[in-house]
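Single-structure report; data block below.
Number of protein chains: 2
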Amino acid sequence: MSPSLISRAGGALSTGTQHTTGFFHGRTIDELGEQLRREELRAVDLATAALGAVDALDGELNAVVTLDREGALRAAEEADAELSGGLDRGPLHGIPVAVKDIIDVAGLRTTMGSAHFADHVSTSDAECVRRLRVAGAVIIGKTTTHEFAFGPTGDRAYNGPSRNPHDPGRMTGGSSGGSGAAVAAGMVPLALGTDTGGSVRIPASLCGVAGFKPAHGAVPTDGVFPLSRSLDHVGVLAGSTADCRLAYRVLAGLRPMPSREHGSEVSLGWIPPDLLHPTDPRITGVARAALDVGGIDVREVRPSGREGMLRAFGAIQFSEAHAVHAERIADAPQLFTDDVLTILRLAGETAGWQYVRALGERADWRAEVAELLGEVELLAMPTTCVTAPEIDQREIEVNGTPTSVRGSLIGLTRPWNLAGAPAISVPAGTVDGLPVGLQLVGRPGQEDRLFAVAARVSR
Amino acid sequence: MSPSLISRAGGALSTGTQHTTGFFHGRTIDELGEQLRREELRAVDLATAALGAVDALDGELNAVVTLDREGALRAAEEADAELSGGLDRGPLHGIPVAVKDIIDVAGLRTTMGSAHFADHVSTSDAECVRRLRVAGAVIIGKTTTHEFAFGPTGDRAYNGPSRNPHDPGRMTGGSSGGSGAAVAAGMVPLALGTDTGGSVRIPASLCGVAGFKPAHGAVPTDGVFPLSRSLDHVGVLAGSTADCRLAYRVLAGLRPMPSREHGSEVSLGWIPPDLLHPTDPRITGVARAALDVGGIDVREVRPSGREGMLRAFGAIQFSEAHAVHAERIADAPQLFTDDVLTILRLAGETAGWQYVRALGERADWRAEVAELLGEVELLAMPTTCVTAPEIDQREIEVNGTPTSVRGSLIGLTRPWNLAGAPAISVPAGTVDGLPVGLQLVGRPGQEDRLFAVAARVSR
Numbered sequence: 001m002s003p004s005l006i007s008r009a010g011g012a013l014s015t016g017t018q019h020t021t022g023f024f025h026g027r028t029i030d031e032l033g034e035q036l037r038r039e040e041l042r043a044v045d046l047a048t049a050a051l052g053a054v055d056a057l058d059g060e061l062n063a064v065v066t067l068d069r070e071g072a073l074r075a076a077e078e079a080d081a082e083l084s085g086g087l088d089r090g091p092l093h094g095i096p097v098a099v100k101d102i103i104d105v106a107g108l109r110t111t112m113g114s115a116h117f118a119d120h121v122s123t124s125d126a127e128c129v130r131r132l133r134v135a136g137a138v139i140i141g142k143t144t145t146h147e148f149a150f151g152p153t154g155d156r157a158y159n160g161p162s163r164n165p166h167d168p169g170r171m172t173g174g175s176s177g178g179s180g181a182a183v184a185a186g187m188v189p190l191a192l193g194t195d196t197g198g199s200v201r202i203p204a205s206l207c208g209v210a211g212f213k214p215a216h217g218a219v220p221t222d223g224v225f226p227l228s229r230s231l232d233h234v235g236v237l238a239g240s241t242a243d244c245r246l247a248y249r250v251l252a253g254l255r256p257m258p259s260r261e262h263g264s265e266v267s268l269g270w271i272p273p274d275l276l277h278p279t280d281p282r283i284t285g286v287a288r289a290a291l292d293v294g295g296i297d298v299r300e301v302r303p304s305g306r307e308g309m310l311r312a313f314g315a316i317q318f319s320e321a322h323a324v325h326a327e328r329i330a331d332a333p334q335l336f337t338d339d340v341l342t343i344l345r346l347a348g349e350t351a352g353w354q355y356v357r358a359l360g361e362r363a364d365w366r367a368e369v370a371e372l373l374g375e376v377e378l379l380a381m382p383t384t385c386v387t388a389p390e391i392d393q394r395e396i397e398v399n400g401t402p403t404s405v406r407g408s409l410i411g412l413t414r415p416w417n418l419a420g421a422p423a424i425s426v427p428a429g430t431v432d433g434l435p436v437g438l439q440l441v442g443r444p445g446q447e448d449r450l451f452a453v454a455a456r457v458s459r
Numbered sequence: 001m002s003p004s005l006i007s008r009a010g011g012a013l014s015t016g017t018q019h020t021t022g023f024f025h026g027r028t029i030d031e032l033g034e035q036l037r038r039e040e041l042r043a044v045d046l047a048t049a050a051l052g053a054v055d056a057l058d059g060e061l062n063a064v065v066t067l068d069r070e071g072a073l074r075a076a077e078e079a080d081a082e083l084s085g086g087l088d089r090g091p092l093h094g095i096p097v098a099v100k101d102i103i104d105v106a107g108l109r110t111t112m113g114s115a116h117f118a119d120h121v122s123t124s125d126a127e128c129v130r131r132l133r134v135a136g137a138v139i140i141g142k143t144t145t146h147e148f149a150f151g152p153t154g155d156r157a158y159n160g161p162s163r164n165p166h167d168p169g170r171m172t173g174g175s176s177g178g179s180g181a182a183v184a185a186g187m188v189p190l191a192l193g194t195d196t197g198g199s200v201r202i203p204a205s206l207c208g209v210a211g212f213k214p215a216h217g218a219v220p221t222d223g224v225f226p227l228s229r230s231l232d233h234v235g236v237l238a239g240s241t242a243d244c245r246l247a248y249r250v251l252a253g254l255r256p257m258p259s260r261e262h263g264s265e266v267s268l269g270w271i272p273p274d275l276l277h278p279t280d281p282r283i284t285g286v287a288r289a290a291l292d293v294g295g296i297d298v299r300e301v302r303p304s305g306r307e308g309m310l311r312a313f314g315a316i317q318f319s320e321a322h323a324v325h326a327e328r329i330a331d332a333p334q335l336f337t338d339d340v341l342t343i344l345r346l347a348g349e350t351a352g353w354q355y356v357r358a359l360g361e362r363a364d365w366r367a368e369v370a371e372l373l374g375e376v377e378l379l380a381m382p383t384t385c386v387t388a389p390e391i392d393q394r395e396i397e398v399n400g401t402p403t404s405v406r407g408s409l410i411g412l413t414r415p416w417n418l419a420g421a422p423a424i425s426v427p428a429g430t431v432d433g434l435p436v437g438l439q440l441v442g443r444p445g446q447e448d449r450l451f452a453v454a455a456r457v458s459r
């Protein structure tokens with residue numbers, strides 16, 4: 001196994017860039033769409049490139065659980081035929097997409113990253129997948145998910161850990177780890193993930209791509225295996241914020257439409273990350289510096305409700321997660337990994353009255369966030385408190401403080417699941433050669449503003 | 001102490017009827033209103049009659065915690081002055097009302113039936129009380145509540161048990177026991193109660209008056225100390241269904257308006273009560289026979305979701321109740337009675353994941369009830385499975401089966417709190433000289449239909 005894919009630049013699919021060998025690295029969906037419509041490329045070429053990239057790279061990265069060669073090529077041929085025949089389904093027409101293996105795709109295995117579902121085949125498409133297909137996207141397969149999406153590290157899965165393209169000895173982050181690795185490695189230009197406490201934004205941050213979690217409820221979760229129903233979101237990972245926006249509009253059932261957001265001055269509240277969780281000061285520095293692009297009026301913002309927010313997130317996520325799994329825990333505990341079984345059992349100890357209190361504390365947190373987002377248009381902070389830890393690492397020292405890897409990964413993302421606000425992670429630079437994500441949180445309904453500013457600060 | 005107030009017919013306030021010596025027994029609010037407007041009576045006379053009845057009877061019944069002589073007379077004088085001056089606030093103008101001691105009345109003690117609040121004085125009116133005052137009602141005082149409204153027997157309260165006017169050795173039922181006794185004894189024509197699992201309908205049934213629980217959310221609970229927020233309802237107890245209707249319209253913010261419901265044929269589903277809880281067959285017989293008045297098409301209806309309904313009610317009530325009291329249980333357990341402390345501690349053992357499941361099971365039950373109420377206009381069954389047990393009794397034999405008094409009291413009422421449907425208990429007859437209640441459950445928004453049929457079957 002190579003210590004890093006970063007410097008590897010061989011193979012027919014290579015773009016020769018520093019960070020990946022996959023065809024799609026550095027190519028936007030818009031560009032690909034133009035080439036398709038100019039007939040310089042066919043959808044079948046894109047699907048073939050995606051399948052080839054997986055073949056070439058996935059032995060090392062383990063980003064993909066199930067590759068649907070036949071289905072992908074058939075869908076691509078159909079997309080080509082439609083385009084030739086004058087039926088243009090819009091910006092995702094003919095674009096290869098990978099789908100996290102906790103989201104139903106009809107006819108494909110959906111393992112949920114778990115031995116419990118090792119042989120489970122979905123009989124219908126999740127609503128988000130159905131919308132992608134209607135928009136002409138070509139599903140190429142399923143990406144590695146942390147077991148039952150219950151973990152931010154991406155290294156506990158029935159098919160083994162997904163590995164970070166920037167250093168295969170390091171974790172992708174999770175739970176949408178395979179989607180993060182697949183996009184970062186250029187296997188696909190776009191992948192679906194889910195995000196309950198940061199599971200789209202964390203792998204985006206650790207793998208150096210863009211990852212967007214919509215407002216709660218904006219994209220249906222039908223056909224997505226639940227982790228914690230009231231915190232679950234379907235999100236997207238892509239090479240650019242513009243590609244995230246394209247995919248989001250399709251998933252949310254909005255018409256494709258160019259953004260009308262331009263370079264007007266934006267008011268942004270910077271949350272010192274240590275208010276929420278101890279953070280590597282080098283990461284804080286990189287993320288903060290990314291905002292110095294002009295046209296952004298940055299002020300410091302200090303939310304006060306951290307304690308209640310933490311209690312609420314914990315009680316809600318734990319109670320809802322255990323409710324999904326109670327029978328499996330009782331009947332077949334041996335089919336869980338130790339990590340996930342331990343946290344699921346702990347989750348079952350949350351009391352009903354604590355859940356009830358948590359609903360009130362969530363309402364308080366939402367009110368505080370709404371108030372903050374009344375004062376500034378966007379909130380900003382790093383996405384994670386650390387760069388990608390090593391696979392299997394569980395403890396870490398952050399700025400001299402020993403803490404958990406789990407907390408260091410979800411500490412800055414989970415508040416926005418609880419708030420239900422749209423949030424994006426974009427690459428902001430590197431620390432020790434590993435990607436650092438900047439997170440922006442916006443107002444529900446003003447996603448275009450969020451995407452526009454994210455594009456300006458993304459590096 | 002007299003073994004029964006039924007046969008006692010002395011005193012200036014006596015109406016000479018069989019069941020009470022209080023002035024208001026057998027008098028409707030409409031009649032009183034007519035007398036007020038004909039100037040045959042003044043509001044001050046009604047307040048004086050209420051205060052006098054409490055003085056005469058409450059030593060035996062303990063229905064009243066706090067009597068507001070001064071406030072009642074002042075409000076009555078004002079009501080008289082307004083009427084004389086041409087300001088008529090509608091059907092409750094000048095009518096004495098008693099308020100359960102878990103509902104805030106500005107300037108009066110609100111004990112919640114608990115030593116924890118022995119000296120607690122409310123600083124503002126609950127919204128339901130405010131609406132009564134705007135409608136001209138005269139608040140005469142506060143009625144005994146089971147401790148924190150957490151019990152259907154009415155015999156655990158800081159001020160001692162309320163006692164049944166039909167036999168002071170027997171319980172009133174609860175938790176709105178004082179309101180039931182006060183109305184049954186003719187101390188007041190109307191009293192406010194709250195109902196989380198049957199706490200208005202149960203004392204109505206056991207004391208032989210009418211008790212109405214509105215649809216969930218139809219009457220605000222602001223200023224009412226919570227038992228279980230998502231199951232709590234403010235309701236009314238009165239001598240007749242027509243009086244319940246008058247009061248309900250005021251509390252729900254609806255205009256006073258004569259009912260347009262007349263004698264059209266009604267389709268009614270009879271639920272065999274033993275499907276829900278073992279029931280004294282004599283009670284079943286009395287309640288069923290009350291429906292044989294003509295114009296009612298009775299068919300048998302058998303809901304199937306009992307198990308999920310029971311789990312949902314238990315998990316929701318327990319979790320929400322413990323959430324209200326967690327600190328008091330930890331800090332000052334000695335201020336609870338053993339009964340309530342025991343159930344509150346048990347309530348704390350419900351798991352968060354069970355509460356989460358319960359929310360789903362509540363939705364299923366609501367769907368089933370909505371379907372039943374699509375097939376028939378009303379559902380009917382007895383209100384309680386037993387007549388008034390003796391004070392302090394906790395176990396009881398029902399139709400040869402040993403069971404709990406608690407279950408026998410709430411077994412037929414709690415399903416309709418979970419469903420959120422409007423429900424009324426009306427007197428249907430007696431067993432061994434003790435009142436039997438018939439319960440009718442209706443469609444939210446069609447309360448007038450419920451009241452009209454209740455009036456036809458009430459005995």
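From first to last, the protein sequence lines are chains A and B.
Under the UniProt record's numbering, the first residue of the first sequence is numbered 1, with each subsequent residue one higher.
Under the UniProt record's numbering, the first residue of the second sequence is numbered 1, with each subsequent residue one higher.
The beta carbon of each residue, even a glycine, is placed where N, CA and C say it ideally should be.
Within 7 Å of the CB of residue 318 (chain A), the CB atoms of chain B belong to 352, in sequence order along the chain. Those residues of the region 204–221 of chain B placed with their C-beta closer than 8 Å to a C-beta in chain A do not exist. Residue 452 (chain A) and residue 356 (chain B) have their C-alpha atoms roughly 38 Å apart. By the C-beta density criterion, residue 127 (chain B) is buried, having at least 16 other C-beta atoms within 10 angstroms. Residues of chain B with a Cβ closer than 8 Å to the Cβ of residue 355 (chain A) are, in chain order, 319, 352, 355 and 356. The beta-bridge partner set that DSSP reports for residue 353 (chain B) is empty. When the five nearest sequence neighbours on each side are left out, the beta carbons in the same chain lying within less than 8 Å of the beta carbon of residue 341 (chain A) are those of 329 and 333, in order along the chain. Around the C-beta of residue 87 (chain A), fewer than 16 other C-beta atoms lie within 10 Å, and the residue is accordingly described as exposed.
Between the C-alpha atoms of residue 268 (chain B) and residue 222 (chain A) there is a straight-line separation of about 38 Å. Residue 233 (chain B) has B:195 as its beta-bridge partners, per DSSP. Residue-level contact by beta carbon fails for residue 363 (chain B) and chain A, as no gap is shorter than 7 Å. By alpha-carbon distance to residue 81 (chain B), the top candidate from B:69, B:94 and B:71 is B:94. Put simply, the backbone Cα of residue 370 (chain A) is about 37 Å away from that of residue 415 (chain B). For residue 116 (chain B), none of the residues of chain A pass the 7 Å Cβ criterion, the least Cβ distance being about 17 Å. Shown here for residue 304 (chain A): same chain residues with a beta carbon closer than 8 Å to its own, the five before and five after excluded, namely 368 in chain order. The shortest CA-to-CA distance from residue 182 (chain A) to any of A:347, A:442 and A:238 is the one to A:238. In the assembly as shown, residue 134 (chain B) is an exposed residue. Its beta-carbon has fewer than 16 other beta-carbons within 10 Å. Residue 434 (chain B) and residue 315 (chain A) have their C-alpha atoms roughly 48 Å apart. Proximity of chain B to residue 315 (chain A) at the Cβ level (cut-off 8 Å) is accounted for by 352, in chain order. Taking C-alpha positions only, residue 102 (chain B) is separated from residue 411 (chain B) by approximately 23 Å. Excluding sequence positions up to five before and after residue 419 (chain B), its CB lies within less than 7 Å of the CB of 365, 366 and 369, all in the same chain and listed in chain order. The Cβ atoms of residue 79 (chain A) and residue 141 (chain A) do not sit closer than 7 Å to each other. Contact note: residue 326 (chain A) reaches chain B through 353, using a C-beta cutoff of 7 Å and chain order. Chain order gives no chain A residues near residue 71 (chain B), where near means a beta carbon separation below 9 Å; the closest approach is about 34 Å. Residue burial annotation: residue 363 (chain A) is exposed, with fewer than 16 other C-beta atoms found within 10 angstroms of its C-beta. In its chain, beyond the 5 residues on either side, 295 and 456 have a beta carbon closer than 8 Å to the beta carbon of residue 263 (chain A). Comparing alpha carbon positions, the residue from B:54, B:350, B:206 and B:251 closest to residue 439 (chain B) is B:206. Remark: C-beta atoms of residue 196 (chain B) and residue 232 (chain B) approach each other more closely than 7 Å.
A straight line joining the alpha-carbon of residue 344 (chain B) with that of residue 321 (chain B) spans about 7 Å. By the Cβ neighbour-count rule, residue 124 (chain A) is exposed, with fewer than 16 other Cβ atoms within 10 Å of its own.
None of the residues of the region 254–268 of chain B has a beta carbon lying less than 8 Å from any beta carbon of chain A. Excluding the 5 residues flanking it on each side, residue 77 (chain B) has same chain C-beta neighbours closer than 8 Å at 43 and 44, in chain order. The criterion of a C-beta distance shorter than 7 Å is not satisfied by residue 26 (chain A) and residue 53 (chain A). Of the other Cβ atoms in all chains shown, 16 or more fall within 10 Å of the Cβ of residue 173 (chain B); this residue is therefore buried. Using beta-carbon distances, residue 348 (chain A) counts as an interface residue toward chain B, with a partner under 7 Å.
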